[in-house]
Amino acid sequence: MPVPIYSINDLCVSKKDKNLLTIKQFDIHRGACYVFEGRMGAGKTTFLEVLYLRKKPNRGTISFEENNIYSYSHNDYQDQIAIVPQSFEVPWGSVKKYMIKTISKFSYIKKAEKKMNEICNKMNIDNLLERPMKTLTPGELRWILLATMIAADSKVLFIDEIELHLGKKDISNLLSILHKKIKYDGVTLITSTQNRELIKRIASVTITLDKGRIISVRSSSKKKGR
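Read in order, the letters of the sequence shown correspond to residues 4 to 229 in the working numbering.
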C-alpha cells in the first residue's frame, strides 16, 4: 500500500477550552486533490494551518513523508510546500519582482524568471507584471499569488478557499491548470471550499468537516476533464 505523504493521528487544536479541531486519524496520499468542505467555522482553515505549521496543535502527531513534521527544520519543510492563504501581507514592489523573488526561494528552482514566464503565459498575466503589488485589486492579487505558488512546482500545494475573489472564467482556467499539475507533475493539492459545485470538478477526495470533526470522507472515481 502506498505510503501517505501526511499521516495525522489523535490531533486536537483548542483555544480557551474550546476544541477547534479533533482528528482521530487521517492520511493524505501523493498526487491527488483533497478538498475540505464545510460551513464557516467548521475547521477547514485550522486544518490547513496545522499542516503548513502556522498553527500548532495541543496534542497529536503529524508525519510528513514518514517523519515527524516537527523534526524538519523550518526551511527544509517550507521548501517542499507552497501556500496560498486567504490573506497575506502585500509587499512593496512590482508583480514581476515579487514573483521572481518568491519563486527563487525554492532551492530546487534554478531559473525563476523562466518559471514565472511559463505560468504567466498559462494564466494570462503578462499585462500585470510591471504593476505595483499595492495597486492590485483583490482578484488580481489572488491570481498573482496563485500563479506564483503554482510555478513553485512544490510537492504539496495548499490553497485555502480555492474560489476566493475569482470569477467563473478564472476558476475554470485555474482548475484546468491544477488538474495537469496533479496528473502529470504529481503535485498533492490540499484545498478548502464552500462551493459544492467546485468539489465535483477538482476533488479526488472530499472531506466534510463540522465543528472541527470529520463527518464524511468521499473518494471520487469519476474522471475529470483536463
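For every residue, glycine included, the Cβ atom is placed at its ideal position computed from N, Cα and C.
In angstroms, rounded to a whole number, what distance separates the CA positions of residue i and residue j?
{"i": "Asp173", "j": "Ile122", "result": "14 Å"}
{"i": "Pro141", "j": "His168", "result": "6 Å"}
{"i": "Lys225", "j": "Leu178", "result": "With a pLDDT of 49 at Lys225, under the threshold of 50, the modelled position of this residue cannot be trusted, and the question is left open."}
{"i": "Gly44", "j": "Pro94", "result": "28 Å"}
{"i": "Val98", "j": "Asn127", "result": "13 Å"}
{"i": "Gln83", "j": "Ser223", "result": "26 Å"}
{"i": "Glu133", "j": "Ser157", "result": "26 Å"}
{"i": "Asp262", "j": "Glu116", "result": "Outside the displayed range of the chain (4 to 229) lies residue 262, so it cannot be described from this structure."}
Please name the residue, chosen from the options, that lies closest to residue i on a Cα-to-Cα basis.
{"i": "Thr151", "options": "Tyr80, Pro88 and Arg62", "result": "Pro88"}
{"i": "His182", "options": "Ser17, Ile8 and Gly34", "result": "Gly34"}
With a Cβ-Cβ cutoff of 8 Å, do residue i and residue j count as a contact?
{"i": "Phe29", "j": "Ile217", "result": "yes"}
{"i": "Leu139", "j": "Ile147", "result": "yes"}
{"i": "Gly46", "j": "Leu24", "result": "yes"}
{"i": "Ile180", "j": "Lys125", "result": "yes"}
{"i": "Ile106", "j": "Ala155", "result": "yes"}
{"i": "Leu54", "j": "Ile202", "result": "no"}
{"i": "Ile8", "j": "Glu68", "result": "yes"}
{"i": "Ser10", "j": "Ser74", "result": "no"}
{"i": "Ile153", "j": "Cys36", "result": "no"}
Decide if residue i is buried, meaning its Cβ has at least 16 other Cβ atoms within 10 Å, or exposed.
{"i": "Gly228", "result": "For Gly228, the pLDDT reaches just 39, beneath the cut-off of 50, and the residue's location in the model is therefore unreliable, although a value from the coordinates is still provided. Exposed: under 16 other Cβ atoms inside 10 Å."}
{"i": "Phe50", "result": "buried"}
{"i": "Asp163", "result": "buried"}
{"i": "Val38", "result": "buried"}
{"i": "Phe91", "result": "exposed"}
{"i": "Ser219", "result": "exposed"}
{"i": "Gly170", "result": "exposed"}
{"i": "Thr64", "result": "exposed"}
So residue i is in the beta strand (DSSP E); what residue range does that whole segment cover?
{"i": "Phe67", "result": "Arg62 to Phe67"}
{"i": "Ala85", "result": "Ile84 to Val87"}
{"i": "Tyr111", "result": "Segment: none, Tyr111 is in no beta strand (DSSP E) and carries neither H nor E."}
{"i": "Gln81", "result": "Gln81 -> not in any beta strand (DSSP E); alpha helix (DSSP H) instead, spanning His77 to Gln81."}
{"i": "Glu18", "result": "Rather than Glu, the amino acid found at residue 18 in this sequence is Lys. Taken as a continuous stretch (DSSP letters only), the beta strand (DSSP E) holding Lys18 covers Tyr9 to Lys18."}
{"i": "Glu133", "result": "Run containing Glu133: none; DSSP gives neither H nor E here."}
{"i": "Glu40", "result": "Cys36 to Glu40"}
For the ligand GTP, any of its heavy atoms closer than 7 Å to the Cβ of residue i?
{"i": "His168", "result": "The ligand GTP is not part of this structure, which contains no ligands at all."}
What span of residues does the alpha helix (DSSP H) with residue i cover, start to end?
{"i": "Ser179", "result": "Lys171 to Asp188"}
{"i": "Ala115", "result": "Ala115 to Met126"}
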